[in-house]
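The structure appears right after this line, and notes come after that.
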Amino acid sequence: MSLGNSSVDLLSALWNFSVEDGVGESGAGNRAGAHKPMSKRLHTVTGVFIMNLAIADILITLLNTPFTLVRFIYSTWVFGKAMCHVSRFAQYCSVHVSVFTLVAIAIDRHQVVLHPMKQRMSRLQGVVWVGVIWLMATCFSLPHAIYQTLLHFEIGEGNVRMVCLPSFPQPSDLFWKYLDLATFVLLYVLPLAIITVAYVVIAKKLLARNAIGDVTLAQSSAHRRRKRMTMKMLIAVVVVFAVCWFPLNCYVVLLSSKVIQANNAIYFSFHWLAMSSTCYNPFIYCWLNHNFRAEIRSLLLIARRGKIRSNEEP
């Protein structure tokens, strides 16, 4: 399945305007890049990270929520033994890729804003880093996929319930506890710390930077307003990540440590909150970024015209 140019542009816009036009509004290089066509931005390292993030977030939506929802509704695993392992790997891998890419974008924005005159990472280097991200995600996800087993329980006459559960080597309790603790650090603590530090430094830099060429009161006011909106955007991105992922991570760590008992309703609620984080950022950027809203309207108009034109063709 191939995407048309307008579809690719729209997909890229969802992330590109957030990190390029919002965070880097005051950077000289980003000011020039703000007027480039979206198809050209896909050839930059930021575009590479953005597309990778979009792919990872789509995979999270497709590979996490459906399996969890079916398991919650039917209280049994209906996908077979092979999918017990494959789905677990796909779920963890897509989440690792998404979180690691968010970190890469934060570091990239940090370098651009603090060192606007330095030569940026090339697109090829960006592709290499994306490969490294996927390799790391694969390595960190394999233990969760390998140590899974499909158990069968007879419930009454002729009723069998199947459950896909972790099955770790001995001492299994310690293995499970420390694996989930390591995952908590890799997927939440470290990424949140890195993203927070990067965006705090960016915020300080933007607040300290005076607008170049502001010769009127209106221009100066507009510049201050852009900085305030950027600050709100940075804060919102960090808060959304922290709030959405904290309950699920805490639940998993407490469960593996035997502090609490499993509860499907609580797990599903926390899981839904974490997975929904992939949907919030575009709304945050649309709310806080005028350029983002204008570009989305423009791309939707282009897509609509293209659809009308294709319908008119014989």
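Residue numbering for the sequence shown follows the numbering used here, beginning at 848 and increasing consecutively.
Glycine residues also receive a C-beta, built at the ideal position from the N, C-alpha and C atoms.
Small disclaimer: the values here were computed from a predicted structure and weren't measured.
For residue i, the three-state DSSP class (helix, strand or coil)
i	result
P1013	strand
H932	helix
V925	coil
A943	Per the sequence shown, the amino acid found at residue 943 is His instead of Ala. If DSSP states are grouped into helix, strand and coil, H943 belongs with the helices.
T842	It is not possible to answer for residue 842, since the shown part of the chain is limited to 848 through 1161.
H962	coil
T996	strand
R1075	helix
R967	coil
V1106	coil
V870	In this predicted model, V870 has a pLDDT of only 39, less than 50, meaning its place in the structure is not dependable; the value taken from the coordinates is given anyway. It is coil, neither helix nor strand.
Contacts around residue i, its chain only, beta-carbon distance under 7 Å, and the 5 residues preceding and following it disregarded
i	result
L1033	F987
S1124	V1087, F1088, C1091, W1092
T915	F1115, H1118
T985	C940
F1187	A query on residue 1187 cannot be resolved here, the shown segment of the chain reaching from 848 to 1161 and no further.
V1100	D1027, L1028, F1031
L1039	F1088, A1089
Environment of residue i [buried if 16+ CB atoms lie within 10 Å]
i	result
D814	Nothing about residue 814 can be reported from this structure: the residues present for the chain run from 848 to 1161 only.
C931	buried
G927	exposed
R956	buried
Y1098	buried
N1096	buried
G978	exposed
Q1017	exposed
I897	buried
M968	buried
A945	For the sequence presented, residue 945 should be read as Ser rather than Ala. The residue in question, S945, is buried, as its Cβ has 16 or more Cβ neighbours within 10 Å.
N796	Any question about residue 796 goes unanswered here, given that the chain covers just 848 to 1161.
Y1025	exposed
A1121	buried
V1007	exposed
L900	buried
K959	Here residue 959 is Val; the residue named in the question, Lys, does not match the sequence. Buried, by the Cβ-count rule.
I980	buried
Y1035	buried
Q1108	exposed
V892	buried
V895	buried
Close beta carbons around residue i, own chain, < 8 Å, minus the five adjacent residues each side
i	result
I1041	V950, A953, I954
L961	V1048, I1049, K1052
L989	F936
Y1127	V1087, C1091
I1131	S865, M1080, A1083, V1084, V1087
M848	The predicted position of M848 is uncertain, since its pLDDT is 39 and thus under 50; a value taken from the coordinates is nonetheless stated next. So no residue of the chain qualifies.
Residue-chain proximity (residue i, chain D), Cβ-Cβ < 8 Å
i	result
M930	Although the question refers to chain D, the structure presented lacks it and comprises just one protein chain.
6 Å CB neighbourhood of residue i in its chain, flanking five on each side removed
i	result
A992	H932, R935, F936
N911	Q938, M1122
Segment contact, 8 Å Cβ cut-off, at least three pairs: the region 934–941 with the region 906–913: Between the region 934–941 and the region 906–913, the count of Cβ pairs shorter than 8 Å is three or higher; the stretches touch.
Stretch-stretch touch, CB-based, cutoff 8 Å, three pairs: the region 1076–1087 with the region 1035–1049: Verdict: yes, contact present.
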